[in-house]
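Just below is one structure, and these are the notes that go with it.
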Amino acid sequence: MLSSRLSLLLWVFLVHVAGIYLFTRGFLLTRLSLSNSSNCEESNYGIKPTHKRAVLLIIDALRFDFVAPNAPWPRSPFHHDVLTLPHFSTRRHPEHSFVFNSYADPPTTTLQRIKGLTTGSLPTFVDLGNNFGGSSIAEDSILKQMKMAGKKLAFMGDDTWMSVFPDTFEPNMTFPYDSFDVEDLHTVDEGVIKHLFPLLEDPSKPFDFLIGHFLGVDHVGHRLGPDHPSMNSKLQQMNTVLTRVVDTIDEDTLLVVLGDHGMDRSGDHGGDGTLETSAGMWIYSKGAALTETKTEIPSGLLRLKTFPGCDKPHRSVQQIDILPTLSLLLGIPIPYNNLGTVIPELFWRDHANRLLEKALQINAAQIMTYLQTYRNSPSGGELDDSWKRIQSAWGTSQTDDLSGDSKLISLFNFTRVSLSACREMWAQFNPLLMGLGLSLLSLGFCASWAVYSGLAVVKHDWDIWLRPRLAGAARNAAAGAVLGAASQILLANSIPGVSALDFALFIAAIISSATLIISSPPKIDLQVVKSTPIILILHTIAFLSNSFTFWEDRIVPFLLVTSIVPYALKGFSAPNKRLRYRILGFSLLFATCVRLMAMSTVCREEQQPYCHATYFVSPSNPSPPAGVLYFSIPLALSLPYVIKRFLRISRSDVGISKTFLPLFFIPTLVSASLYWIMDLIQSEIELGGELSPTLRTARTWVARMGFGWILFAGGALWFLVPLCLDIQISVQDGKRQIQVVGYANAFGSPYLIFWTISLGLVYISTQLTGQFVLALATVALLSFLEVLDSYRDTKAIQAAFESSTPSFVLDAAASMSLSPPVQFADIIPIALLGLHAFYGTGHQSTIQSIQWKSGFMLTPTANYFFTAITVLLNSIGPIFLFALAAPLAALWNRPPLPTSEEQPEADAQVKGESTLAGLGVMMYYSALLLGTSVSAAILRRHLMVWKVFAPRFMTAVLELLAVDVAVLIGVGIGLERIARRVSKTFQRETASR
Numbered sequence: 000m001l002s003s004r005l006s007l008l009l010w011v012f013l014v015h016v017a018g019i020y021l022f023t024r025g026f027l028l029t030r031l032s033l034s035n036s037s038n039c040e041e042s043n044y045g046i047k048p049t050h051k052r053a054v055l056l057i058i059d060a061l062r063f064d065f066v067a068p069n070a071p072w073p074r075s076p077f078h079h080d081v082l083t084l085p086h087f088s089t090r091r092h093p094e095h096s097f098v099f100n101s102y103a104d105p106p107t108t109t110l111q112r113i114k115g116l117t118t119g120s121l122p123t124f125v126d127l128g129n130n131f132g133g134s135s136i137a138e139d140s141i142l143k144q145m146k147m148a149g150k151k152l153a154f155m156g157d158d159t160w161m162s163v164f165p166d167t168f169e170p171n172m173t174f175p176y177d178s179f180d181v182e183d184l185h186t187v188d189e190g191v192i193k194h195l196f197p198l199l200e201d202p203s204k205p206f207d208f209l210i211g212h213f214l215g216v217d218h219v220g221h222r223l224g225p226d227h228p229s230m231n232s233k234l235q236q237m238n239t240v241l242t243r244v245v246d247t248i249d250e251d252t253l254l255v256v257l258g259d260h261g262m263d264r265s266g267d268h269g270g271d272g273t274l275e276t277s278a279g280m281w282i283y284s285k286g287a288a289l290t291e292t293k294t295e296i297p298s299g300l301l302r303l304k305t306f307p308g309c310d311k312p313h314r315s316v317q318q319i320d321i322l323p324t325l326s327l328l329l330g331i332p333i334p335y336n337n338l339g340t341v342i343p344e345l346f347w348r349d350h351a352n353r354l355l356e357k358a359l360q361i362n363a364a365q366i367m368t369y370l371q372t373y374r375n376s377p378s379g380g381e382l383d384d385s386w387k388r389i390q391s392a393w394g395t396s397q398t399d400d401l402s403g404d405s406k407l408i409s410l411f412n413f414t415r416v417s418l419s420a421c422r423e424m425w426a427q428f429n430p431l432l433m434g435l436g437l438s439l440l441s442l443g444f445c446a447s448w449a450v451y452s453g454l455a456v457v458k459h460d461w462d463i464w465l466r467p468r469l470a471g472a473a474r475n476a477a478a479g480a481v482l483g484a485a486s487q488i489l490l491a492n493s494i495p496g497v498s499a500l501d502f503a504l505f506i507a508a509i510i511s512s513a514t515l516i517i518s519s520p521p522k523i524d525l526q527v528v529k530s531t532p533i534i535l536i537l538h539t540i541a542f543l544s545n546s547f548t549f550w551e552d553r554i555v556p557f558l559l560v561t562s563i564v565p566y567a568l569k570g571f572s573a574p575n576k577r578l579r580y581r582i583l584g585f586s587l588l589f590a591t592c593v594r595l596m597a598m599s600t601v602c603r604e605e606q607q608p609y610c611h612a613t614y615f616v617s618p619s620n621p622s623p624p625a626g627v628l629y630f631s632i633p634l635a636l637s638l639p640y641v642i643k644r645f646l647r648i649s650r651s652d653v654g655i656s657k658t659f660l661p662l663f664f665i666p667t668l669v670s671a672s673l674y675w676i677m678d679l680i681q682s683e684i685e686l687g688g689e690l691s692p693t694l695r696t697a698r699t700w701v702a703r704m705g706f707g708w709i710l711f712a713g714g715a716l717w718f719l720v721p722l723c724l725d726i727q728i729s730v731q732d733g734k735r736q737i738q739v740v741g742y743a744n745a746f747g748s749p750y751l752i753f754w755t756i757s758l759g760l761v762y763i764s765t766q767l768t769g770q771f772v773l774a775l776a777t778v779a780l781l782s783f784l785e786v787l788d789s790y791r792d793t794k795a796i797q798a799a800f801e802s803s804t805p806s807f808v809l810d811a812a813a814s815m816s817l818s819p820p821v822q823f824a825d826i827i828p829i830a831l832l833g834l835h836a837f838y839g840t841g842h843q844s845t846i847q848s849i850q851w852k853s854g855f856m857l858t859p860t861a862n863y864f865f866t867a868i869t870v871l872l873n874s875i876g877p878i879f880l881f882a883l884a885a886p887l888a889a890l891w892n893r894p895p896l897p898t899s900e901e902q903p904e905a906d907a908q909v910k911g912e913s914t915l916a917g918l919g920v921m922m923y924y925s926a927l928l929l930g931t932s933v934s935a936a937i938l939r940r941h942l943m944v945w946k947v948f949a950p951r952f953m954t955a956v957l958e959l960l961a962v963d964v965a966v967l968i969g970v971g972i973g974l975e976r977i978a979r980r981v982s983k984t985f986q987r988e989t990a991s992r
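So the sequence shown is numbered by numbering that gives the first Met the number 0: it starts at 0 and just counts up by one.
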């Protein structure tokens with residue numbers, strides 16, 4: 000049976016999950032996919048095709064500045080080479096060849112871009128998660144239209160295509176390759192080349208549509224960065240391939256080469272940065288001309304964009320524009336859900352604007368048909384705000400009064416108005432669900448605070464105070480769930496979009512929260528007002544500002560140092576020199592560590608040009624600074640010594656610590672450094688060389704042994720003998736004497752060893768620069784614990800001298816009773832240390848900052864279990880780690896107390912205060928989630944919502960879940976095991992006397 004303390008923490012966790020679920024359901028909506036398909040009659044089919052077949056070559060992550068026909072614009076400083084397209088540049092064959100900067104809609108992940116390229120539809124923000132588990136595409140697509148027309152389709156490359164089009168390609172012309180092994184730069188590309196040219200050279204031309212998806216450029220970006228020499232050789236390889244393709248294809252084959260997305264300066268993608276959304280596109284016809292150059296295309300149909308690093312604008316299109324263009328050039332209907340616009344240059348022939356006008360009319364009619372169908376669907380209300388604008392643009396495009404250029408521009412304008420409207424439409428929200436989620440998160444926080452305030456004044460009778468309140472909350476929650484489900488059934492027609500489960504969760508959680516507030520109303524007095532957590536309030540409301548949100552990594556160190564100031568000031572009035580030196584000295588050490596951690600930075604796009612990244616050598620070279628590399632092994636050897644040195648202060652460097660730190664912790668940290676050093680060595684040599692497989696195997700096993708050694712062997716040792724005690728028995732003058740070394744820190748020291756198991760796991764998953772940050776954060780944590788211990792001693796001594804019996808303080812039990820219990824202010828530095836470590840280990844609240852290479856530590860290729868574990872440890876691990884450390888605020892230097900009738904358990908007060916500490920850190924992060932949720936809700940129409948507020952909200956969700964799980968593990972496993980062994984040990988020793 001769960002104790003009342005664990006039941007409380009579990010209730011808080013469940014309320015958080017319910018609030019997150021409801022708010023997310025209202026905030027991150029997915030669009031409705033229509034299953035309708037176009038046909039020749041509906042699409043006004045009638046444009047004569049220019050080509051019999053097409054070859055679509057996708058060079059994954061091919062950025063616009065990687066494509067430079069005769070270098071018509073300045074080369075970007077972020078790469079070493081370009082696709083030069085030497086034999087078929089736009090200057091030599093202007094009627095047959097076009098190069099575009101194509102805008103890839105975010106999220107810029109491969110699966111979403113495949114969907115966009117084949118269906119012409121737009122992704123939504125929440126679609127990002129599907130990139131690692133794509134399901135088949137049910138919407139109309141160019142591949143579906145080709146199959147309906149009896150065409151044969153061939154494919155080779157990234158196996159993501161097989162997950163979304165499982166039964167589309169001809170079995171004898173289908174060659175998928177694993178797409179998630181970013182360590183492998185060549186296998187996929189070489190596989191595409193191996194199967195591509197036999198099909199192209201086959202005189203029978205067995206295919207009508209061929210897709211080749213290269214991955215090498217993308218993998219070089221992820222693995223090594225766009226500025227690495229390997230990018231040079233990879234782009235040269237692609238140049239060779241394209242030259243051979245052009246020499247091989249016949250005049251009836253249309254060639255399209257494009258990047259599904261770009262990459263940022265560090266080689267990653269997924270967000271909406273300019274470098275990520277700017278993908279290269281090249282279209283080439285060896286036979287029929289694609290355009291007429293005798294007359295100029297109206298400028299109103301052409302969009303230009305100045306790419307970063309360029310001094311002049313260049314032709315830019317939407318990436319989905321290739322879909323209607325390719326469909327009409329091949330003589331098949333435009334897919335039903337398409338929102339792209341035909342590319343004008345490719346239809347500017349046949350007496351100039353006549354063919355283009357017809358293509359635009361077909362295109363516009365298809366889009367209007369789609370919008371009308373969507374309008375009549377259950378989700379049609381999403382178009383209400385834009386429908387008048389759409390109808391107006393449609394009416395203008397269909398008037399007979401327009402002709403020539405005006406007609407073309409009106410048709411083109413309608414397609415772009417529709418695209419803009421749909422972008423806005425799929426940013427629609429369900430305000431009711433969002434309101435329910437916010438209400439639940441708010442009231443849940445208030446209930447947690449009420450319980451926290453009530454427990455803070457309870458010294459011993461935790462169960463007596465807490466159990467009846469939790470029982471009442473549980474009964475009312477069960478009744479509320481039934482009431483909520485019944486209410487939804489009765490009101491289903493008047494409350495669309497809210498299910499019975501939604502109502503049941505909301506009513507159950509809201510009633511149980513209200514029950515706890517009513518049964519333990521917080522007292523409002525001067526002391527409560529003085530203890531108001533100003534730092535938490537400022538941190539929470541800062542999320543209403545986009546500038547404060549994306550500069551949070553600079554705000555957190557300031558808040559951290561501020562949080563230690565009240566303790567440092569107390570050091571000046573400490574009653575003796577030792578306490579003064581301890582408080583001031585450890586406070587200074589804490590502040591120094593915080594400042595050094597802040598020197599490790601990774602910049603987000605919005606921080607430029609005011610941010611200088613130091614986590615890597617440069618924004619485009621993901622290698623650690625030289626100093627970090629040289630001192631990584633010494634750091635791994637010295638950190639366990641530093642921990643032991645802190646334990647020695649309380650003489651707790653005995654017991655399990657004597658074995659665990661040198662035999663389990665040091666080998667784990669060394670293996671962590673060795674893994675990333677070997678990773679760097681493999682990056683510096685040619686990854687396809689002879690040493691590469693050996694290094695890959697070696698570092699995989701180094702990581703596996705590091706993980707297994709500390710988790711299983713170290714964990715088993717701690718579980719068997721968790722205490723840091725040395726019990727010495729001697730006989731003097733015929734009397735048996737027992738000396739317990741480490742008694743003063745009997746709870747805190749074994750919990751610290753328990754915590755270092757998680758520290759080891761996060762340390763392995765973190766790159767070299769981040770390992771230094773984690774080491775500094777560990778020292779800062781231990782420094783704060785020593786400050787907190789001395790601060791409590793100061794308060795206890797002052798309380799003793801203010802009492803009528805000053806000698807009372809000499810008694811351990813009395814001293815602890817005079818020592819102040821855990822305050823919420825004691826938790827704030829630990830909570831902020833987690834956030835500071837999160838930013839210092841190379842992360843931001845952006846998709847781009849996810850360090851995907853950590854996902855390939857335990858396996859050379861992607862494994863959905865191990866990859867997810869190591870990526871989570873790398874990204875959210877620091878948050879988890881310092882939430883797990885929260886009970887140390889109550890355990891550090893707290894000795895076991897003797898049992899009594901009033902307190903039958905020696906560890907009751909320590910366990911109670913540890914639960915308070917865990918509850919405090921859960922409350923801190925729930926307040927941050929509440930702040931990000933409110934900002935996302937209020938600013939959901941803000942231009943920065945999907946760039947700043949939504950990613951920070953999703954980060955806050957992951958952080959809170961990590962914190963809740965960490966506290967449950969820390970209190971439910973770590974503390975319970977230690978308390979049981981401490982109680983058993985001292986009962987046994989007492990009995991032996």
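Ideal Cβ placement from N, Cα and C applies to all residues, glycine included.
Since this is a predicted model, take the numbers as computed values, not measurements.
Please report the Cβ distance between residue i and residue j, rounded to the nearest whole angstrom; I am assuming they are in contact, meaning their Cβ atoms lie under 8 Å.
{"i": "Val16", "j": "Thr252", "result": "Contact doesn't hold; Cβ gap of about 54 Å is too wide."}
{"i": "Gly713", "j": "Phe659", "result": "6 Å"}
{"i": "Leu928", "j": "Val956", "result": "6 Å"}
{"i": "Leu724", "j": "Ala743", "result": "With a Cβ gap of about 11 Å, Leu724 and Ala743 do not count as contacting."}
{"i": "Arg695", "j": "Pro859", "result": "6 Å"}
Give the secondary structure of residue i by DSSP, where H, G and I count as helix, E and B as strand, and everything else as coil.
{"i": "Tyr102", "result": "strand"}
{"i": "Phe174", "result": "strand"}
{"i": "Gln843", "result": "coil"}
{"i": "Arg951", "result": "helix"}
{"i": "Met280", "result": "strand"}
{"i": "Ile248", "result": "coil"}
{"i": "Gly211", "result": "strand"}
To the nearest angstrom, how far is it from the Cα of residue i to the Cα of residue j?
{"i": "Ile19", "j": "Gly833", "result": "21 Å"}
{"i": "Arg553", "j": "Ser546", "result": "11 Å"}
{"i": "His227", "j": "Val219", "result": "8 Å"}
{"i": "Ser6", "j": "Leu915", "result": "13 Å"}
{"i": "Leu440", "j": "Tyr924", "result": "11 Å"}
{"i": "Trp675", "j": "Ser619", "result": "18 Å"}
{"i": "Tyr335", "j": "Thr273", "result": "29 Å"}
{"i": "Trp754", "j": "Ser656", "result": "12 Å"}
{"i": "Leu1", "j": "Gly969", "result": "15 Å"}
{"i": "Leu887", "j": "Arg62", "result": "49 Å"}
{"i": "Leu785", "j": "Ala715", "result": "Position check: residue 785 holds Glu in this sequence, whereas Leu was assumed. About 29 Å."}
{"i": "Ala978", "j": "Pro666", "result": "28 Å"}
{"i": "Asp310", "j": "Lys304", "result": "11 Å"}
In its own chain, which residues sit with a C-beta less than 8 Å from the C-beta of residue i, not counting the 5 before and 5 after it?
{"i": "Ala288", "result": "Glu94, His95, Arg348"}
{"i": "Lys146", "result": "Leu152, Thr167"}
Skipping 5 residues on each side, what residues in its chain have a beta carbon closer than 6 Å to that of residue i?
{"i": "Ile319", "result": "Gly115, Gly119, Gly339"}
{"i": "Phe589", "result": "Ile563, Ala779, Ser782, Phe783"}
{"i": "Asp217", "result": "Asp59, Ala60"}
{"i": "Val761", "result": "Leu872, Gly876, Leu880"}
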